[in-house]
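Student: Sending over a structure as structure tokens; questions will come in a sec.
Residue numbers (the UniProt record's numbering), protein chains in the order written: chain A, 1 to 190; chain B, 1 to 137.
So, in structure tokens, the structure goes:
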């Protein structure tokens, strides 16, 4: 009994458990009197760096968001804990056979761990192409999430849970962009 | 010190994101090809339970732990910003294979290359603040 529970936690979690736990996190934050949205932290970091002196959008009291920055610190620790204390070893992500075939067509090896070496291995990151991919991805994520007024947590989870039509529009946008990238742009890049 | 509770919830969230494999580029690539149910199951479960919970909070006018009424702020009823901003975000999400939360989780997990994504996400946010008055919203 105890062993199977430990096994459950140490192996990759099933979707139904993960989804339930995300809702639990959202409700804990709600009961703490805050609203769940991660990308707001990117704006707060700009404010901390002094952007509020030049750009009005960043001129706000960052202390109102200090709880969210602490949440960010927690997510970093959570990633470390999951890898080092809550997993037997880093397992290849069990994606579908069909996806592995698609990866082959863009010259990606089947998964060996959580992330593709083609993108995150430093031997690739320090090439011009590798660096541009990660930096442009970052620019799009930062610019797009603030333009849309939220990211996956704010729109797809909190917004849809509150039946917000604007959030549904944002999520449709996420999929337009994601499908364009995965189906059409990635094959051109690799 | 009372704010430590937010670090603890953050740790829980980071663990969930990593253990669910939602931080994996492969899972995002698979999702945008509609090859597997995994990511849809995660988001669908979270939203279903979330919607029931939000409904109950509103119906029973529940209060937060400070004793204040829980309010949900409706999003602005405009659409351009959501479709344009959302599309740009989606392009970045599928390229990095990670949305903002998981970027930070990945760094903690040991994938230090995501530091570059994080730094440029902050720069991207700054550029939005700089250009927002010129953009359709």
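Idealized CB from N, CA, C, for every residue including glycine.
For residue 44(A), is the classification buried or exposed, using 16 other Cβ atoms within 10 angstroms of its Cβ as the cut-off for buried?
Tutor: With 16 or more other Cβ atoms from the protein chains shown falling within 10 Å of its own Cβ, residue 44(A) counts as buried.
Student: Closest Cβ-Cβ distance between residue 60(B) and chain A: below 9 Å?
Tutor: no
Student: Which residues in chain A have a C-beta closer than 9 Å to the C-beta of residue 135(B)? List them in chain order.
Tutor: Chain A residues near residue 135(B): 147.
Student: Label residue 148(A) either buried or exposed according to how many other C-beta atoms from any shown protein chain fall within 10 Å of its C-beta, with 16 as the threshold for buried.
Tutor: buried
Student: Could you confirm whether any beta carbon from chain B is found closer than 9 Å to the beta carbon of residue 6(A)?
Tutor: no
Student: Using a Cβ-Cβ cut-off of less than 9 Å, list which residues of the stretch 132-144 of chain A approach chain B; keep chain order.
Tutor: 133, 134, 135, 136, 137, 138, 139, 140, 141, 142, 143, 144
Student: Give the secondary structure of residue 69(B) by DSSP, where H, G and I count as helix, E and B as strand, and everything else as coil.
Tutor: strand
Student: Check whether the Cβ of residue 64(A) lies closer than 9 Å to any Cβ atom in chain B.
Tutor: By the rule that beta-carbons nearer than 9 Å mark a contact, residue 64(A) does not touch chain B.
Student: Residues in the same chain with beta-carbon distance under 6 Å from residue 58(A), minus the five sequence neighbours each way, listed in chain order, please.
Tutor: Closer than 6 Å at Cβ, skipping near neighbours: 46, 47, 51, 52.
Student: By Cβ distance below 8 Å, which residues in the same chain neighbour residue 94(B) in space, the five residues on each side in sequence not counted?
Tutor: 28, 29, 32
Student: Looking at chain B, which residues of the stretch 65-93 of chain A have a Cβ within less than 8 Å of any of its Cβ atoms?
Tutor: 66, 67, 68, 70, 71, 72, 73, 74, 75, 76, 77, 78, 79, 80, 81, 82, 83, 86, 87, 93
Student: Run through chain B and tell me which residues come within less than 7 Å of residue 111(A), C-beta to C-beta.
Tutor: 26
Student: Going straight from the alpha carbon of residue 38(A) to that of residue 142(A), what length do you get?
Tutor: 11 Å
Student: Using alpha carbons as the reference points, say which of 185(A), 130(A), 96(A) lies closest to residue 114(B).
Tutor: 130(A)
Student: If you scan the stretch 32-66 of chain B from start to end, which runs of the beta strand (DSSP E) of 3 or more residues do you find wholly inside it?
Tutor: The qualifying runs do not exist here; there are none.
Student: What residue range does the alpha helix (DSSP H) around residue 68(A) cover?
Tutor: 66-84
Student: Taking one C-beta from the stretch 71-80 of chain B and one from the stretch 115-135 of chain A each time, how about it: are there three or more such pairs within less than 8 Å?
Tutor: no
Student: Got a sec: is the Cβ-Cβ distance from residue 187(A) to anything in chain B below 9 Å?
Tutor: no
Student: Could you work out which residues of chain B lie near residue 31(A), taking near to mean beta carbons separated by less than 7 Å?
Tutor: 64, 65
Student: Between residue 121(B) and residue 42(A), which are expected to be in contact by the criterion C-beta below 8 Å, what is the C-beta distance as a whole number of angstroms?
Tutor: 6 Å
Student: So residue 15(B) and residue 78(A) are supposed to be a Cβ contact under 8 Å. How far apart are they, rounded?
Tutor: 4 Å
Student: Anything in chain A within Cβ reach of residue 56(B), meaning under 9 Å, just list it in chain order.
Tutor: Result: empty, since nearest Cβ-Cβ is about 10 Å, beyond 9 Å.
Student: Taking the beta carbon of residue 162(A) as the centre, do at least 16 other beta carbons fall within 10 Å, making it buried, or is it exposed?
Tutor: buried
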